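Heads up: the structure comes next, in structure tokens.
Number of protein chains: 2
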Amino acid sequence: MNDILKNTIEAKKIVANLSDTFRNEVLNKMADNIIKAKDEILNANELDVKYAKDLPNSILKRLKLDSNKIDAISNSITEIANLKSPLGRILDGFENYAGLKIRKISVPIGVIAVIYESRPNVTSDVGALCFKSGNVCILKGGKEALNSNKAILKILHNTLIEYNLPTSIISFIDSRESIERLIKEDKYIDLIIPRGGEQLIQFISSNSKIPVIKHDKGVCNMYIDKNCNANEAIQIAINAKTSNPAACNSIETILIHKDANILEMLIKSLKNNNVIIKAESNIANQFDLIHIKDEDYYNEYGDNILNIKVVNNIDEAINHINTYGSSHSECIITDDYTMAEKFLNEIDSACVYVNASTRFSDGGEFGFGAEVGISTSKIHARGPMGIDSLTTYKYQIYGQGQVRQ
Amino acid sequence: MNDILKNTIEAKKIVANLSDTFRNEVLNKMADNIIKAKDEILNANELDVKYAKDLPNSILKRLKLDSNKIDAISNSITEIANLKSPLGRILDGFENYAGLKIRKISVPIGVIAVIYESRPNVTSDVGALCFKSGNVCILKGGKEALNSNKAILKILHNTLIEYNLPTSIISFIDSRESIERLIKEDKYIDLIIPRGGEQLIQFISSNSKIPVIKHDKGVCNMYIDKNCNANEAIQIAINAKTSNPAACNSIETILIHKDANILEMLIKSLKNNNVIIKAESNIANQFDLIHIKDEDYYNEYGDNILNIKVVNNIDEAINHINTYGSSHSECIITDDYTMAEKFLNEIDSACVYVNASTRFSDGGEFGFGAEVGISTSKIHARGPMGIDSLTTYKYQIYGQGQVRQ
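Protein chains in written order, with the working numbering: chain A, 1 to 405; chain B, 406 to 810.
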């Protein structure tokens, strides 16, 4: 690890000062080389899948690659190359009282450590995103994907070598113990992005000396207002719960106004879509649902399970969401302008929707290109993270001999 | 402390949803009330100064208030009221492929804890800045300023009460032990801003579960290039070192190109301004200076002491600065376009100057208004922090029934 950290110092200087054209040439070559090495990557992945056969299906699904998925990995790198450079943007510019011309300009953050699990495509996505944005990355993938990650990394490294660049621009560590060490190395690392289990994220944010952007759990909620389009409400409810229950932007609870008048139809439609519903006693008894416990409202089920709660008014819904939610994504279904604005303003979450599914909370769906992740932190980056979130800024100040009085 | 933390939950909701007009009315009333309570504040300050008479002069100077300083405290609050609201700004807005109208809008961060020392004006400045930006603050002032801080706080609280607002919008804790507790309360607090000694900042960033924006030391450097205006170089050197040696934006080291040809004149001028100079043996012997040790280059002297080092070229200067500096503020003195651009681009510091004194690195000098501080962090806010740095954003998304395919 010592060598890896020390090598980032030189790598950081080199990668920060490349031109965007050169960066894109390297990225496009990486994309080509991934396709050429398809068999090699698939063989490595087969090993991982073999060793992982006792792991849950959800992990296996994320781990397993096929020819199409490798095409997607390659395409994703090409897309990153095609993004507008996030560097050198003038974010603000002004002249101060002394005639200094002050420019606030976007620059790389420096060294970014990303800790992730199971999905081998994160290796190339994050490697490419950090390279495009002039950062060094230190990748720490899950042990279940080690062979796949190493196979992909080998292609990226060989491409860097082709262009006479140090491989430490995309560094990789594989020992599990090293996370504890990594999060103390604030002299070398500028930012940690953990993407993974709740426990891992808790451990890192409690113990890191380095700033952390969390990709934590999503306890998303939907509120159905009294005045709403019933069909819209039901379609969005089904989409937000069932289209990908394992995704962090799926809903866990529907709050429904007592006079919304669609409760029966909603429950029926959800049941038809194999959703298991929990509710308070009166509703549970009436519709033959599971009786809910208060702590269920904090749950990210990651499955076709949903809480339904009847509320007296929008304030009760907003209070519930700000109390039990994880400030990720929430939606209101309403035809009432005042209620829509109230919900948009008073909900303290990264993404607040009117009449649309929370499932859109995603960098790709927002049009940001390849995914950095969805931040549940409030500082620096919040919600779907575009490549811009991998930059910081500095002030460049042009003087003509000014001194401070 | 439990009550203070719990009360922030309700206070956060209230302060976030006030109108800017109302906020400004309250702030202007605070400014008036500070003037009316001048005697009260001065009496309290006298107590602090009496107890502190054994403390270093630099602390006493920061601690001591007089009638003019209280006018300045009041004016600063009025200035904050006059700032354009940092909230509700649309930072970005676009329509995605599904026709969702996505707005990225600035919102308060939530609860901000600020830990500071000696200067009683920080109490009102930070209180007013957080109020203007819709945040709750938890203030933790130095014990040497306790009476002054409490006197100022009383005015702010009484004004909040006049307007039927909870005093917990500007919370205050005074026990020293409580910092250790405070930095673990990530359920209640969204951001910690420590302004104070290096040890305090180290302790907080190593142990905090909450994101930290550091206001750390300033080891600022000046590089005098071969082609430079000699008078400009010398005037800027004197200003950057001697105009306020205790300030974090003062320089500690001058790197000078071996062919700059102004070394003798520079040393003479600095000596005439009572600067004690350290240098490597050959220069030290030649000009009767103190012999430098390598670790001196890391020092923030806070005093009229300066290192001078002769370098062979700009790369050596840039390497030196990126190695020994604290990434705060640096300047180059040059008439050479290429060197100016190289320095601006390759120096990894919050503020990089051409032909101007580093002493301008300050929110007030930049035209940002009252000071939040100067961040030495790279994440979220870097360099002089305007009131905008006390905001984050959320995405508000306007749909017409869209679901994700």
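For glycine and all other residues, C-beta sits at the position ideal for the given N, C-alpha and C.
Remember, predicted model here, so these are calculated numbers, not experimental data.
Going by DSSP, which residues form a beta bridge with residue i?
i	result
N712/B	T658/B and K683/B
I543/B	A518/B and S576/B
Q396/A	R103/A and V757/B
V212/A	I192/A
M627/B	I659/B and C736/B
S610/B	Answer is none; S610/B lacks a bridge partner.
I779/B	P789/B
Quick check on residue i: does DSSP put it in helix, strand or coil?
i	result
M670/B	helix
G196/A	coil
M339/A	helix
T391/A	strand
C535/B	helix
Q402/A	strand
G772/B	coil
Y568/B	coil
E590/B	coil
R764/B	helix
S523/B	coil
D259/A	coil
S243/A	coil
N634/B	coil
Closer than 8 Å, CB to CB, is residue i near chain A or not?
i	result
V759/B	yes
P491/B	no
D595/B	yes
Y803/B	yes
L470/B	no
L505/B	yes
C535/B	no
T797/B	yes
A755/B	yes
K614/B	yes
Y628/B	no
N393/B	As displayed, chain B neither begins before 406 nor continues past 810, which places residue 393/B out of reach and without an answer.
What's the gap between the Cα of residue i and the Cα of residue j?
i	j	result
A98/A	K434/B	32 Å
L465/B	Y568/B	35 Å
T391/A	I109/A	5 Å
N412/B	I566/B	15 Å
D471/B	L460/B	19 Å
F287/A	P384/A	37 Å
Q640/B	V403/A	8 Å
I414/B	Q405/A	44 Å
K474/B	G399/A	31 Å
T167/A	G369/A	25 Å
E685/B	I697/B	6 Å
I333/A	I347/A	14 Å
M202/A	I618/B	It should be noted that the sequence gives Gln, not Met, for residue 202/A. When rounded, the distance between both Cα atoms is 20 Å.
V516/B	F536/B	11 Å
K241/A	I305/A	8 Å
N121/A	V512/B	34 Å
S674/B	I723/B	25 Å
R195/A	A72/A	21 Å
Y702/B	E721/B	14 Å
I667/B	N636/B	9 Å
I446/B	P245/A	59 Å
R524/B	P86/A	39 Å
A550/B	V531/B	15 Å
S375/A	D48/A	29 Å
Does the beta carbon of residue i sit closer than 8 Å to a beta carbon anywhere in chain B?
i	result
I179/A	no
F22/A	no
S58/A	no
C248/A	no
V403/A	yes
S485/A	Chain A is shown only over 1 to 405; residue 485/A falls outside these bounds and no answer can be derived.
Q286/A	no
Q199/A	no
H320/A	no
> Considering only residues of the region 284-337 of chain A, which uninterrupted beta strand (DSSP E) runs meet the minimum length of 3 residues and lie entirely inside it, listed in chain order?
Replying inline: Runs of the beta strand (DSSP E) inside the region 284-337 of chain A: 305-311 and 329-333.
> What alpha helix (DSSP H) runs, 4 residues minimum, are completely inside the region 468-512 of chain B?
Replying inline: Listed in chain order, the complete alpha helix (DSSP H) runs (minimum 4 residues) inside the region 468-512 of chain B are 472-487.
>> Please give me, in chain order, every unbroken run of the alpha helix (DSSP H) with length at least 4 that falls completely inside the region 421-461 of chain B.
In response: Whole alpha helix (DSSP H) segments, 4+ residues: 425-441 and 443-456.
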